[in-house]
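The structure appears right after this line, and notes come after that.
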Amino acid sequence: MSETTSTNEENKIPLNGRRAIPPNYSNDEENEVPEMEAFGVIPRGFNPRDYLRVVDIYMFKEPQEINKQEHHTDKYYNPRLIVRRGQAFQIQIDFNRPYKPETDQFWLEFLMGRYPQQNKGTYIPILVGNVLKPGQWGAKIIHRENNSIRLSIMSSTTCIIGKFRLYVAVLTPFGILRTRRNSATDTYILFNPWCQLDAVYLDDEKEREEYVLNDVGIVFHGNVEEVKSRSWSYGQFEENILDACLFLMDKAELELSGRGNPIKICRVASAVINSRDDNGVIAGSWNNTYDYGVAPSAWTGSVDILLEYYSSKQPVRYGQCWVFAGVFNTFLRCLGIPARLITNYSSAHDNNANLRLDFFLDDEGKVDTKLTKDSVWNYHCWNEAWMTRPDLPVGFGGWQVVDGTPQETSDGMYRCGPASVQAIKHGHVCFQFDAPFVYAEVNGDIFYTRMEKNGTQVVESIDTTHVGRLIVTKEVGGDGMVDITEEYKFREGSDEERLALETAVMYGVKKQSIQDTTYQPQTDVDMDFQAQKAVLGNDFKVTITFRNKSRNSYTATTYLSGNIVFYTGVTKREFKKHSFSAKLEPSSSNSFDIVIKSSEYMRDLLEQASFHFFVTARINETGKILAVQKAVMLEIPTLRIKTKGELVAGKETSVIVEFTNPLKQTLENVTLRLEGPGVLRTIKKQFGRIPMNSTLTWEVRFIPMRPGSRKLIASLTSGALRHVYGELNVQIQKP
1 MSETTSTNEE
11 NKIPLNGRRA
21 IPPNYSNDEE
31 NEVPEMEAFG
41 VIPRGFNPRD
51 YLRVVDIYMF
61 KEPQEINKQE
71 HHTDKYYNPR
81 LIVRRGQAFQ
91 IQIDFNRPYK
101 PETDQFWLEF
111 LMGRYPQQNK
121 GTYIPILVGN
131 VLKPGQWGAK
141 IIHRENNSIR
151 LSIMSSTTCI
161 IGKFRLYVAV
171 LTPFGILRTR
181 RNSATDTYIL
191 FNPWCQLDAV
201 YLDDEKEREE
211 YVLNDVGIVF
221 HGNVEEVKSR
231 SWSYGQFEEN
241 ILDACLFLMD
251 KAELELSGRG
261 NPIKICRVAS
271 AVINSRDDNG
281 VIAGSWNNTY
291 DYGVAPSAWT
301 GSVDILLEYY
311 SSKQPVRYGQ
321 CWVFAGVFNT
331 FLRCLGIPAR
341 LITNYSSAHD
351 NNANLRLDFF
361 LDDEGKVDTK
371 LTKDSVWNYH
381 CWNEAWMTRP
391 DLPVGFGGWQ
401 VVDGTPQETS
411 DGMYRCGPAS
421 VQAIKHGHVC
431 FQFDAPFVYA
441 EVNGDIFYTR
451 MEKNGTQVVE
461 SIDTTHVGRL
471 IVTKEVGGDG
481 MVDITEEYKF
491 REGSDEERLA
501 LETAVMYGVK
511 KQSIQDTTYQ
521 PQTDVDMDFQ
531 AQKAVLGNDF
541 KVTITFRNKS
551 RNSYTATTYL
561 SGNIVFYTGV
571 TKREFKKHSF
581 SAKLEPSSSN
591 SFDIVIKSSE
601 YMRDLLEQAS
611 FHFFVTARIN
621 ETGKILAVQK
631 AVMLEIPTLR
641 IKTKGELVAG
651 KETSVIVEFT
661 NPLKQTLENV
671 TLRLEGPGVL
681 RTIKKQFGRI
691 PMNSTLTWEV
701 RFIPMRPGSR
711 KLIASLTSGA
721 LRHVYGELNV
731 QIQKP
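Here you go:
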């Protein structure tokens, strides 16, 4: 005995005088558990074999067996037992002889981490009793036969989430006999949206199937006028993904004892999903050069990213908002927290959170890009996670905004949320976490301000409806889009909206009132801007329309500035300048067309084929300025996917991906990716070049794994063309 003690002393982590045991935030590390824990001196002739001994433990852990079926965990590609908390599961113990309840005494022990402690929830002893109380740890015997007993075990509804080690302990007069460490009996315990006492309980079965069990989703992108969609493979059930998600909590150094709380888990995960300040999962890049990494638009799902991070422990390059949100959604659904991906169109990135986005104009009325620091993203993706908020007043539970995209720091780290959607709608932005930032993303006003030579600012125009015009998510049970704008804000211009704004201002959201600034807009002339639907590589026209509602004649000096922008609204290059003078007759409308040639934009086009037009017009008679801005997306060609022959689980078949190059140039360095959760793991293929108008064909042979309706998702990326997607719904037959 003495020898083992001394070696243990050497392995001990040095203590720091402040805490009795070191912090416990690794789910992977283990402590040594003695197989024989003696009560004192063991008498000679003691033979452990004389007592009740465990011969085998059967976990009912196959996908078709009772535990995984009842706990909705049969889809996890993982050989261990996976159950949800607050719900009973069964195990069978085989002893060396029949169990005698009068004399034999045994109990179960669940352990997690290096320093298991009962008061931290990392050491859980379970005695066998006669009744199971809902929501509390307990076990009872439900069947006895020969040397075997079957137990029903209930876990606590506040139990920590992660992987537990299981031991069976038997009491003898001289000490405790334990089963040997056996990783086959390891048990994963997850959140349980099916259990009324769980903090993530969701009462609608269709919603649970969508927000917890669906492993494919839709990302809405583009802009308000042209909503585009693409599929994303969440793959939360794929091999090793559950372990990768648990590793993220270790990486974030979340104490094991805090892992039963979805609020804490969301908060630390929103920081660890991005690589800023903690070497997290994805490195963001918005500059259109993606050397030594994968272009954000090329990813088709989360699995490759999480597995690469889990094995390399280094940030995966590169992501933009939908990639952060896609991976975050996988993490949440994998652990059992209901989650959905949200897109906010015309999302304000307001650097000083004053609900005011300033676009500065120069003397001529053109936008001054050097002075303008705020930007409006064409769209921004974040997530919502469903949970109760016992830390907030009643009524603020339900959907919470969490955002893994690094935009601004919160408590010193790049993270955002969870912030209650209900609190944002009503302007109660005093409630943690980061509600003012999200409120500004969906509610900012755009101020067009002219700088005078002496430094005074003159507000020329205010647009109160541009930001947060449309907030959407995927519909439950289908691929369509649902408009959820009303969950975030009251109708524009309604009394409730004004009240919510006043509440937000009262709680410290900074808002400069218009009274502070001299502002008299031109009210009798309207200006509108429309763009023709345009296909990448073609010319298109834009139209500026004036409506003079007065009885006066006016002339308007008009500037159009066309910019190639990142989807974040940040300009890369101005490619079109056009100015003209418009005569506006009394009580009439005039339209002016301007042609945009492909030769003007193709050279500098960025991957989302996105333009931003500013139009400013000065009414010469009054000196007043009208201003409007608009994002325009080009139509990007799609990939075609088709299958050959019928699809049967376990039988080889093939799929064909085709693409025709529509550009007036050769595409270089072309990479194709294809994946389908439950059908095939991601396959990549590189092609040197595709000449203009020629078609590339790629045939992939594969064996579908599981029957059911599935989705194949493909992407193409190249030097000159990105964001090319294709998808196909397939039905895989049972063999």
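In full-length UniProt numbering, the protein residues as written are 1 to 735. Using N, Cα and C, we set each Cβ at its ideal position, and we do this for glycine too. If you're wondering where the values come from, they're calculated on a predicted model, not measured in any experiment.
Straight-line Cα distance separating residue j from residue i
{"i": "Thr4", "j": "Arg49", "result": "For Thr4, the predicted model reports a pLDDT of 38, less than 50, meaning its position is unreliable and no value from the coordinates is stated."}
{"i": "Ser26", "j": "Val628", "result": "53 Å"}
{"i": "Met602", "j": "Tyr439", "result": "37 Å"}
{"i": "Tyr292", "j": "Arg450", "result": "43 Å"}
{"i": "Pro173", "j": "Arg97", "result": "18 Å"}
{"i": "Arg80", "j": "Gly395", "result": "38 Å"}
{"i": "Phe237", "j": "Ala504", "result": "41 Å"}
{"i": "Asn24", "j": "Gly113", "result": "7 Å"}
{"i": "Asp278", "j": "Ser257", "result": "21 Å"}
{"i": "Ser297", "j": "His723", "result": "5 Å"}
{"i": "Ile91", "j": "Ala339", "result": "31 Å"}
{"i": "Glu600", "j": "Ala500", "result": "45 Å"}
{"i": "Gly398", "j": "Ala325", "result": "19 Å"}
{"i": "Gly442", "j": "His426", "result": "At residue 442 the sequence reads Val, which differs from the Gly that was named. If you take the alpha carbons of Val442 and His426, they lie about 13 Å apart."}
{"i": "Trp137", "j": "Gly121", "result": "11 Å"}
Three-state class that DSSP yields for residue i in the structure shown
{"i": "Trp299", "result": "coil"}
{"i": "Lys251", "result": "helix"}
{"i": "Arg498", "result": "helix"}
{"i": "Ala720", "result": "coil"}
{"i": "Asn119", "result": "helix"}
{"i": "Ser275", "result": "coil"}
{"i": "Asp243", "result": "helix"}
{"i": "Phe490", "result": "coil"}
{"i": "Glu727", "result": "strand"}
{"i": "Gly380", "result": "The residue you asked about is not Gly; residue 380 is His in the sequence shown. DSSP places His380 in strand when its eight states are reduced to three."}
{"i": "Met506", "result": "helix"}
{"i": "Tyr448", "result": "strand"}
{"i": "Lys140", "result": "strand"}
{"i": "residue 773", "result": "Since the first residue of the chain shown is 1 and the last is 735, residue 773 is not available in this structure."}
{"i": "Glu102", "result": "coil"}
{"i": "His466", "result": "coil"}
{"i": "Val268", "result": "helix"}
{"i": "Cys159", "result": "coil"}
{"i": "Pro418", "result": "strand"}
{"i": "Lys734", "result": "coil"}
{"i": "Pro125", "result": "strand"}
{"i": "Phe237", "result": "coil"}
{"i": "Ser715", "result": "strand"}
{"i": "Ala325", "result": "helix"}
{"i": "Ile218", "result": "strand"}
{"i": "Gly258", "result": "helix"}
{"i": "Lys133", "result": "coil"}
Counted within 10 angstroms of its Cβ, other Cβ atoms place residue i as buried (16 or more) or exposed
{"i": "Gly468", "result": "buried"}
{"i": "Lys133", "result": "exposed"}
{"i": "Ala348", "result": "buried"}
{"i": "Asn182", "result": "exposed"}
{"i": "Met692", "result": "exposed"}
{"i": "His143", "result": "exposed"}
{"i": "Ser2", "result": "Because Ser2 carries a pLDDT of 38, less than 50, the predicted location of this residue cannot be relied on, and no value is offered for it."}
{"i": "Glu10", "result": "Its pLDDT being 40, under 50, Glu10 is placed unreliably in this model, and the coordinates cannot settle the point."}
{"i": "Asn8", "result": "The pLDDT assigned to Asn8 is 41, lower than 50, so where the model puts this residue is not dependable, and the model offers no usable value."}
{"i": "Gln196", "result": "exposed"}
{"i": "Gln522", "result": "buried"}
{"i": "Val131", "result": "exposed"}
{"i": "Met387", "result": "buried"}
{"i": "Ile656", "result": "exposed"}
{"i": "Pro22", "result": "exposed"}
{"i": "Ser588", "result": "exposed"}
{"i": "Trp232", "result": "buried"}
{"i": "Ile13", "result": "Any reading at Ile13 must be qualified, since the residue scores a pLDDT of 49, below 50, and its modelled position is unreliable; the value itself is stated next. Looking at its Cβ environment, which holds fewer than 16 other Cβ atoms inside 10 Å, Ile13 is exposed."}
Residues bridged to residue i (per DSSP)
{"i": "Gln686", "result": "Thr671"}
Alpha helix (DSSP H) segments (min. 4 residues) lying fully within the region 12-70: 66-70
Completely contained beta strand (DSSP E) runs for the region 329-377, where each covers 3 or more residues: 339-349 and 356-361
In chain order, what are the residue ranges of uninterrupted beta strand (DSSP E) at least 3 long that sit wholly in the region 542-587? 554-565 and 571-584
List in chain order: all unbroken beta strand (DSSP E) runs of 3+ residues lying wholly within the region 597-661. 610-619, 625-635, 640-644 and 653-660
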